[in-house]
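Written out below as C-alpha cells is the structure these notes cover.
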Amino acid sequence: MQLIFIGAPGSGKGTQANRLTKELGYNHISTGDLLRSEVAKESPLGTKIKDIIDAGNLVDDELVMELLSKNCSLSSGRYIFDGFPRNVQQCKMLDQQVLSSQNYKVILFKIDNEVIVERIINRRVAADSGKIYNLITSPPLSPGVCDETGEVLVHRDDDKRDVVEKRMEIFDKTINPMIDYYRAGGKLVELDASLDPNEVFNKLTELIE
Ligand code: AP5
Ligand code: MG
0 MQLIFIGAPG
10 SGKGTQANRL
20 TKELGYNHIS
30 TGDLLRSEVA
40 KESPLGTKIK
50 DIIDAGNLVD
60 DELVMELLSK
70 NCSLSSGRYI
80 FDGFPRNVQQ
90 CKMLDQQVLS
100 SQNYKVILFK
110 IDNEVIVERI
120 INRRVAADSG
130 KIYNLITSPP
140 LSPGVCDETG
150 EVLVHRDDDK
160 RDVVEKRMEI
170 FDKTINPMID
180 YYRAGGKLVE
190 LDASLDPNEV
200 FNKLTELIE
C-alpha cells in the first residue's frame, strides 16, 4: 500500500517519513526536498523556484508533477508521498498519472497552528543526510552539525516567522477541499500530530497496518 502524508507545515510529515523509511523500508518522496535540490543547482529554474518558496507560495502544479514523476517508480516498492498533493488539482494528477489503480491511504497530520510555528522556527535540517532536528525537542549532539554526517545544519529560508505564517495561510485555504476529496474516496485517516514523536510513530504504524 502507498501512503500520502498531508498536513500543515511543521506538522511532522518529514520526521515520520524518515523513520518509516528507515524502519519499514518505504521510499520517501518529498516534493519540498526535490524543489530544494533544484534550487541548489542555481539554474534559472532553480532561482525562480527559490523566489516562490521563500515567499511562502506554492510552485506551479505541472512543474511539481514533472519532478515527482521523474523521481518515482512505483514498481520499485512502497512510497510515502510527503508534501504532495497540496490542492485538489494535484490530488487528481496523483490519482490519474501516478497511482492509477494502486491501493493507498492518506494520513492527515492534525495539529494546532500555534504549536507548529514554534516547531518550525526551531527546526534545523541536514541537506545531505535528510535528518531533521529541533533546537528545543531534538537537538544535535554537537551544536550546528549533523550527528550522522558532520555537515553543517541549515535553517531553511522559508522557516522565518513571516514566511511560515504565509505558508500556513495557504495551507488553511487548500486543505479542506482535499479532505473532502479523500474522505469521499474512503482514503482518509487522521493522526494526532501533537503528541511526542515516538507516540506519533506508534499511532502511525497502527493506522497503516
Ligand atoms: P515542504 O518542504 O513540503 O514543507 P511543508 O509541507 O511546509 O512541511 P515542512 O517540511 O515545513 O514540515 P513537516 O511536516 O515535514 O515537519 P518536520 O517533520 O520537518 O515544502 C516547502 C515549500 O516547497 C512549499 O511552501 C512550496 O513553496 C513548495 N512545495 C512543496 N511541495 C509542493 C507541491 N506539491 N506543490 C507546490 N509547491 C510545493 O518537523 C518540523 C519540526 O518539528 C522539526 O524541527 C521536527 O524536529 C519537529 N517535530 C516533528 N515532529 C514533532 C513532534 N511530534 N513533537 C515535537 N516536535 C516535532
Ligand atoms: Mg517536510
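All the letters of the sequence shown, read from the start, carry residue numbers 0 to 208 under numbering that gives the first Met the number 0. All C-beta atoms in this analysis are idealised placements derived from N, C-alpha and C, irrespective of residue type, glycine included.
As summarised for the region 22-84, the continuous beta strand (DSSP E) elements at least 3 residues long and confined to that stretch are 26-29 and 78-81, given in chain order. Per DSSP, the continuous beta strand (DSSP E) segment holding K104 begins and ends at Y103 to K109. In the DSSP assignment, D191 falls within the unbroken beta strand (DSSP E) covering L187 to D191. Residue state for G6 is assigned as strand, using DSSP reduced to three classes. With fewer than 16 other CB atoms across the displayed protein chains lying within 10 angstroms of its CB, V188 is exposed. Closer than 7 Å to some heavy atom of the ligand AP5: that describes the Cβ of T14. By the CB criterion at 8 Å, I120 and I79 fall outside the cutoff.
In terms of Cβ geometry, G11 and V199 form a close pair [threshold 8 Å]. Residue N26 holds the alpha-carbon nearest to the alpha-carbon of S74 among D179, N26 and R160. With a cut-off of 7 Å, the C-beta of N70 is classified as distant from the ligand AP5, since no heavy atom of the ligand falls inside that distance.
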